[in-house]
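Engineer: Structure provided below as C-alpha cells; questions to follow.
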Amino acid sequence: MRRKTQMQQNTNPRDLQVMDFNGDIPMPAASSSKRQQMPGKRTNTEFVVITYVFFAVFLFLAGYFSYFLTFRSESFINHPSNSRISKLSEHTKRGSILSSDGKVLASSSESQDGHTETRTYPYGRVFAHAIGYSVNGLSGLELEANFHLLRSHSFIVDRIRKDLAGEKTQGDSVIATYNAELQKCAYDGLGSYQGAVVAIEPDTGKLLCLVSKPDYDPNTVAADWNSLVSDNDHSRLLNRVTQGLYPPGSTFKILTAREYLREGGTDDDSFKCDGVYESGGYEIHCFHGSVHGSQSFKQAFANSCNTAFAKTGLSLKKGGLASCCKDFLFDTPLPTALMNTKQSRFRLKKNASDPLVMQTAIGQGDTLVTPLHMAMIAASISNMGVLMSPYDIDHIENDTGDLVRSTTPEAYGKLISKKEAKKLRQYMRAVIENGTGRALAGKSYKAFGKTGTAEYSSDKNKAHSWFVGFAEKNGKKIAVAVIMEGAGAGSSYALPLAGKLFDNYLG
Ligand SMILES: [Zn+2]
1 MRRKTQMQQN
11 TNPRDLQVMD
21 FNGDIPMPAA
31 SSSKRQQMPG
41 KRTNTEFVVI
51 TYVFFAVFLF
61 LAGYFSYFLT
71 FRSESFINHP
81 SNSRISKLSE
91 HTKRGSILSS
101 DGKVLASSSE
111 SQDGHTETRT
121 YPYGRVFAHA
131 IGYSVNGLSG
141 LELEANFHLL
151 RSHSFIVDRI
161 RKDLAGEKTQ
171 GDSVIATYNA
181 ELQKCAYDGL
191 GSYQGAVVAI
201 EPDTGKLLCL
211 VSKPDYDPNT
221 VAADWNSLVS
231 DNDHSRLLNR
241 VTQGLYPPGS
251 TFKILTAREY
261 LREGGTDDDS
271 FKCDGVYESG
281 GYEIHCFHGS
291 VHGSQSFKQA
301 FANSCNTAFA
311 KTGLSLKKGG
321 LASCCKDFLF
331 DTPLPTALMN
341 TKQSRFRLKK
351 NASDPLVMQT
361 AIGQGDTLVT
371 PLHMAMIAAS
381 ISNMGVLMSP
391 YDIDHIENDT
401 GDLVRSTTPE
411 AYGKLISKKE
421 AKKLRQYMRA
431 VIENGTGRAL
441 AGKSYKAFGK
451 TGTAEYSSDK
461 NKAHSWFVGF
471 AEKNGKKIAV
481 AVIMEGAGAG
491 SSYALPLAGK
501 LFDNYLG
C-alpha cells in the first residue's frame with residue numbers, strides 16, 4: 001500500500017523516466033531539483049535587490065545632505081520667509097560691514113533700553129546698491145550676509161554674561177572685498193548719469209567696486225519707502241550692475257571676433273571700409289560717418305569698424321555666434337555670490353535675416369547684457385580664459401577681530417582656451433594702442449579693452465556709452481565694465497571713467 005501510494009504520487013512522466021528499475025527509490029531529476037531550489041534563490045535575489053535599492057537611496061540622501069550643507073544651507077537659512085533668522089536679531093546686535101581698506105560701511109547702535117537698533121551707513125548713497133539696506137526687507141550685502149551678521153562668535157563667557165544680563169551679544173563683522181576709495185572714485189566718476197560701474201579682481205573674482213545710479217540713501221530707506229517703490233521712471237532700487245539689461249553695442253565685437261577667429265579667420269584678413277555696408281536692403285554705417293579704408297581684421301576691431309563686423313557676421317557659420325555666446329554664459333545663471341542677478345540674453349535664429357545678423361554682430365539686434373556679466377567676460381580674458389566666480393565677502397571676524405572664516409577664491413572654469421584669451425588680449429590691447437581707446441595709451445599700467453556706443457532708440461543720437469576691459473601693473477589687475485546711459489560715444493565718456501578707476505587702483 002505504501003509503495004502504491006508512492007507510485008500514485010509520482011505521476012509526472014518526467015519523474016517516471018528517471019525511476020530506478022527496482023521501482024523503489026526515485027532518483028531526484030535535475031529539473032525537479034532546480035524547481036525545489038528556485039524559491040530559495042528568488043528570495044536571495046530579492047533580498048540583494050532590496051539591499052541595493054536601500055543602499056542607493058541611502059547614498060543619495062547622504063549625498064544630498066552633504067550638498068545641502070555645503071551649497072544650499074546658507075541661502076535656505078537666509079531666506080526671507082525663515083522666521084528663525086529674525087529670532088536671532090532678538091539676541092544679537094547686527095554686526096558691522098567694513099570695506100577691504102578698513103572703512104565702516106554699515107553699523108548698528110542700540111537705544112538706551114536696548115530694544116531698538118538703528119542701522120547707519122556712513123557712506124550713504126555711495127555704497128547704496130553694493131551694501132543695500134536692512135529695513136523693509138533686505139538687499140545687497142545686507143541680504144547676502146544676513147546670517148553672518150546675526151551670528152556671534154564673541155567670547156563664550158561674554159555671551160553668557162550678556163545673556164544673563166538680558167543684553168544682546170555683538171554679531172560678527174563682515175569684511176567686504178569692496179575698496180572704499182575705488183568705490184568713491186566710481187561713484188563720483190559716474191556723476192549725474194544713470195548707469196553702472198563694476199570692477200573685479202580677475203585672478204580671484206573679488207568685487208572691488210559696484211555702483212549703480214540712480215541711487216537712494218540707505219539711511220532713510222524706511223522714510224522714503226513709498227516714493228522708492230513707486231518710482232517707475234528711474235527704478236532707484238534697481239541694481240543696474242546685476243539686473244540692468246542693456247544692448248552691448250560694440251563691446252559685443254569681442255565675441256564676434258572670437259567666433260571669427262575660431263572659424264579660421266586671421267588677424268591679417270583684409271577689410272575695406274567706405275563707411276557703409278549693405279545687405280538685404282539694410283545699411284550698416286560706421287560710427288559718426290567714419291571711413292576706415294583698407295584695414296586688417298585686427299585693426300577693424302581696434303577701430304570698431306561696423307561695416308567690417310557686419311560683413312564678418314554674415315560670413316560666420318549659422319549658429320556660430322550662439323555657440324560662442326553659450327561659451328561666455330549667455331542665457332545662463334551667472335556663477336557669483338551676488339544675489340538676484342539677471343541672465344544676459346542672446347537671440348539669433350539660424351534662419352535670421354541678413355539685417356538682423358549684421359546688427360547682432362555689432363552688438364545691436366536682440367542681445368541684452370548685464371554690466372556684471374561684461375565685467376566677468378573681461379576678467380576671464382585677463383585671466384587667460386579662466387573665470388573666477390565673483391564674490392564680495394572677503395572674511396568674517398568676531399567682535400575682537402578674530403577670524404571666523406574667509407572666502408576661498410573659486411574658479412568657475414575655462415570659458416575659452418588660453419590661446420584664444422591671449423589672442424583677445426592682443427586685440428583689446430590694439431584698441432588702446434591704435435584704436436578707439438588711445439586715451440589710455442602711455443599710462444604707467446597696461447590697459448586692454450573695447451569701447452561701445454549702444455543705440456537704444458530710433459533716435460540715432462541717443463546711445464549708451466560703454467567700456468569693457470582690464471588693466472595690469474606689476475601683477476596687480478583690475479577688470480571693469482562701465483555703462484553711462486544716454487551719454488554718447490564710449491570713447492568719450494565710459495573710457496575716461498575706466499581710466500580714472502585704473503589710475504586710482506593701479507596708480
Ligand atoms: Zn569702418
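Heads up, the sequence shown is in the working numbering, so the first residue is 1 and it goes up one at a time.
Positions of the beta carbon are idealized from the N, C-alpha and C atoms, including for glycine.
#1: Return the CA-CA distance between Ile-175 and Cys-273, expressed in angstroms with no decimal places.
#2: Indicate whether Ala-494 and Ser-465 have their beta-carbon atoms separated by less than 7 Å.
#3: At a cut-off of 6 Å, would you count His-292 as near ligand 1, judging by its Cβ distance to the nearest heavy atom?
#4: Around the C-beta of Ser-99, are 16 or more other C-beta atoms found within 10 angstroms, so that it is buried, or is it exposed?
#5: Going by beta-carbon coordinates alone, are Pro-202 and Lys-477 separated by less than 7 Å?
#6: Any idea if Ala-165 is buried or exposed, counting beta-carbon neighbours within 10 angstroms, 16 or more meaning buried?
#7: DSSP on Gly-249, reduced to helix/strand/coil?
#8: Could you please give the first and the last residue of the uninterrupted beta strand (DSSP E) stretch that includes Ala-469?
#9: Within the same chain, show all residues whose beta-carbon is closer than 8 Å to that of Asp-394, passing over the 5 residues directly before and after it, in chain order.
#10: With Gly-320 as the anchor, note down where its alpha helix (DSSP H) starts and where it stops.
#11: Assuming contact is defined by CB atoms lying nearer than 7 Å, are Leu-511 and Glu-259 in contact in what I supplied?
#12: Out of Val-229, Glu-485 and Val-276, which has the shortest C-alpha to C-alpha gap to Tyr-216?
#13: Decide if Ile-416 is buried, meaning its Cβ has at least 16 other Cβ atoms within 10 Å, or exposed.
#14: Going by Cα to Cα distance, which pick from Gly-469, Lys-422, Lys-414 and Ala-421 is closest to Leu-545?
#15: Rounded to the nearest angstrom, what separates Asp-503 and Leu-88 at their Cα positions?
#16: What's the C-alpha gap between Phe-58 and Val-49?
#17: Could you pull the start and end residues of the beta strand (DSSP E) that Cys-286 belongs to?
#18: I need the boundaries of the beta strand (DSSP E) containing Asp-394, first residue and last residue.
#19: Using only CA atoms, which one of Val-126, Arg-159, Ser-107 and Ser-111 lies nearest to Ser-134?
#20: For the alpha helix (DSSP H) holding Val-221, just list the boundary residues, first then last.
#21: Going by the DSSP bridge assignment, what does Arg-513 pair with across the sheet?
#22: Figure out for me which residue from Thr-45, Ala-130, Asn-434 and Ser-152 has the closest Cα to the Cα of Lys-93.
#23: Following a CB-centred definition, is Thr-307 positioned closer than 6 Å to any heavy atom of ligand 1?
#24: Can you say whether Asn-398 is buried or exposed, counting buried as having 16 or more other CB atoms within 10 angstroms of its CB?
#25: Would you mind working out which of Leu-141, Asp-113, Phe-47 and Glu-90 sits nearest Thr-336, comparing C-alpha positions?
#26: Report yes if the C-beta of Cys-273 is less than 6 Å from at least one heavy atom of ligand 1; otherwise report no.
#27: Below 7 Å between beta carbons: does that hold for Val-369 and Pro-248?
#28: Under the criterion of a Cβ to heavy atom distance below 6 Å, does Cys-509 qualify as lining ligand 1?
#29: Quick check on DSSP: helix, strand or coil for Ala-447?
#30: Once DSSP output is grouped into helix, strand and coil, what is the label at Ser-99?
#31: Going by the DSSP bridge assignment, what does Ile-483 pair with across the sheet?
#32: Is the beta carbon of Gly-271 sitting closer than 7 Å to the one on Gly-363?
#33: In this structure, does DSSP put Phe-21 in helix, strand or coil?
#34: Please classify Leu-123 as buried or exposed, where buried requires at least 16 neighbouring CB atoms within 10 angstroms.
#35: Inspect the beta-carbon positions of Asp-331 and Gln-343 and report whether they are closer than 7 Å.
#36: Name the two residues that bound the continuous beta strand (DSSP E) containing Tyr-505.
Structural biologist: With the structure as the only source:
#1: For the purposes of this step, residue 175 is identified with residue 175 of the sequence shown, where counting begins at 1. For the purposes of this step, residue 273 is identified with residue 273 of the sequence shown, where counting begins at 1. Roughly 52 Å separates the two Cα atoms.
#2: Counting from one through the sequence shown, the residue named residue 494 turns up at place 494. Counting from one through the sequence shown, the residue named residue 465 turns up at place 465. In contact: Ala-494 and Ser-465 (Cβ atoms closer than 7 Å).
#3: Reading the sequence shown from its first residue, position 292 is the one you call residue 292. At least one heavy atom of ligand 1 is nearer than 6 Å to the Cβ of His-292, so yes.
#4: Position 99 of the sequence shown holds residue 99. Result: buried.
#5: Working through the sequence shown from its first residue, we reach residue 202 at position 202. Working through the sequence shown from its first residue, we reach residue 477 at position 477. Cβ distance < 7 Å, so Pro-202 and Lys-477 count as in contact.
#6: By one-based count along the sequence shown, residue 165 stands at place 165. Exposed: under 16 other Cβ atoms inside 10 Å.
#7: Here residue 249 refers to the residue found at position 249 when the sequence shown is read from its first residue. Looking at Gly-249 - three-state DSSP - the assignment turns out to be helix.
#8: In the sequence shown, counting from the first residue as 1, residue 469 sits at position 469. Per the sequence presented here, residue 469 reads as Gly, with Ala not at that position. Run containing Gly-469: 463 to 473, per the beta strand (DSSP E) assignment.
#9: The residue labelled residue 394 in the question sits at position 394 within the sequence shown. Within the same chain, Asp-394 has close Cβ partners Ser-100, Ile-175, Ala-176, Thr-177, Lys-206, Ser-406 and Thr-407.
#10: Taking the first residue of the sequence shown as position 1, residue 320 is located at position 320. Where Gly-320 is concerned, the enclosing alpha helix (DSSP H) stretches over 320 to 327.
#11: Outside the shown range of the chain (1 to 507) lies residue 511, about which nothing can therefore be said.
#12: To locate residue 216, count along the sequence shown from 1; it is residue 216. With distances taken between Cα atoms, Tyr-216 lies closest to Val-229.
#13: Here residue 416 corresponds to residue number 416 of the sequence shown, with the count starting at 1. Burial call: buried.
#14: What is shown of the chain runs 1 to 507, which leaves residue 545 out entirely.
#15: The residue given as residue 503 occupies position 503 in the sequence shown. The residue given as residue 88 occupies position 88 in the sequence shown. Near 43 Å, if we compare the C-alpha coordinates of Leu-88 and Asp-503.
#16: Position 58 of the sequence shown, counted from the first residue, corresponds to residue 58. Position 49 of the sequence shown, counted from the first residue, corresponds to residue 49. Distance between the alpha carbons of Phe-58 and Val-49 is about 14 Å.
#17: The residue labelled residue 286 in the question sits at position 286 within the sequence shown. Neither: Cys-286 is in no beta strand (DSSP E) and is coded neither H nor E.
#18: One-based indexing of the sequence shown puts residue 394 at position 394. Note, Asp-394: beta strand (DSSP E), 393 to 397.
#19: Locating residue 134 in the sequence shown gives position 134, counting from the first residue. The candidate whose alpha carbon is nearest that of Ser-134 is Ser-107.
#20: Start at 1 with the first residue of the sequence shown, and residue 221 comes out as number 221. That run of the alpha helix (DSSP H) goes 221 to 229.
#21: This structure cannot settle anything about residue 513, because the visible part of the chain is limited to 1 through 507.
#22: Here residue 93 refers to the residue found at position 93 of the sequence shown. Ranking Thr-45, Ala-130, Asn-434 and Ser-152 by Cα distance to Lys-93 puts Ser-152 first.
#23: Residue numbering aside, residue 307 sits at position 307 when the sequence shown is read from its first letter. Yes, since a heavy atom of ligand 1 falls inside the 6 Å radius drawn around the Cβ of Thr-307.
#24: Counted from its first residue, the sequence shown places residue 398 at position 398. Buried, because 16 or more other Cβ atoms sit within 10 Å of the Cβ of Asn-398.
#25: Mapped onto the sequence shown, residue 336 falls at position 336. With distances taken between Cα atoms, Thr-336 lies closest to Leu-141.
#26: As a working mapping, residue 273 is identified with position 273 in the sequence shown. True, at least one ligand heavy atom lies under 6 Å from that Cβ.
#27: Counted from its first residue, the sequence shown places residue 369 at position 369. Counted from its first residue, the sequence shown places residue 248 at position 248. Yes, the pair counts as a contact, with Cβ atoms nearer than the cut-off.
#28: Not covered by the structure: residue 509. The range shown for the chain is 1 to 507.
#29: For this step, residue 447 is matched to residue 447 along the sequence shown. The answer is strand: DSSP assigns Ala-447 an E or B state.
#30: Residue mapping note: residue 99 aligns to position 99 of the sequence shown, counting from 1. If DSSP states are grouped into helix, strand and coil, Ser-99 belongs with coil.
#31: Locating residue 483 in the sequence shown gives position 483, counting from the first residue. BP columns for Ile-483 point to Ala-196 and Trp-466.
#32: In the sequence shown, residue 271 corresponds to position 271, counting from 1. In the sequence shown, residue 363 corresponds to position 363, counting from 1. Per the sequence shown, the amino acid found at residue 271 is Phe instead of Gly. The answer is no: Cβ separation not under 7 Å.
#33: For the purposes of this step, residue 21 is taken as residue 21 along the sequence shown, with counting starting at 1. In this prediction, Phe-21 has a pLDDT of 34, which is less than 50 and means its spatial position is unreliable; what the coordinates show is noted afterwards. Of the three classes helix, strand and coil, the one that applies to Phe-21 here is coil, per DSSP.
#34: Here the question's residue 123 lines up with position 123 in the sequence shown. The question names Leu, yet the displayed sequence has Tyr at residue 123. When all chains shown are included, Tyr-123 counts as buried.
#35: The count along the sequence shown starts at 1 and reaches residue 331 at position 331. The count along the sequence shown starts at 1 and reaches residue 343 at position 343. A contact, by the Cβ cut-off of 7 Å.
#36: For the purposes of this step, residue 505 is taken as the residue at position 505 of the sequence shown. That residue, Tyr-505, is in no beta strand (DSSP E); its alpha helix (DSSP H) goes 494 to 506.
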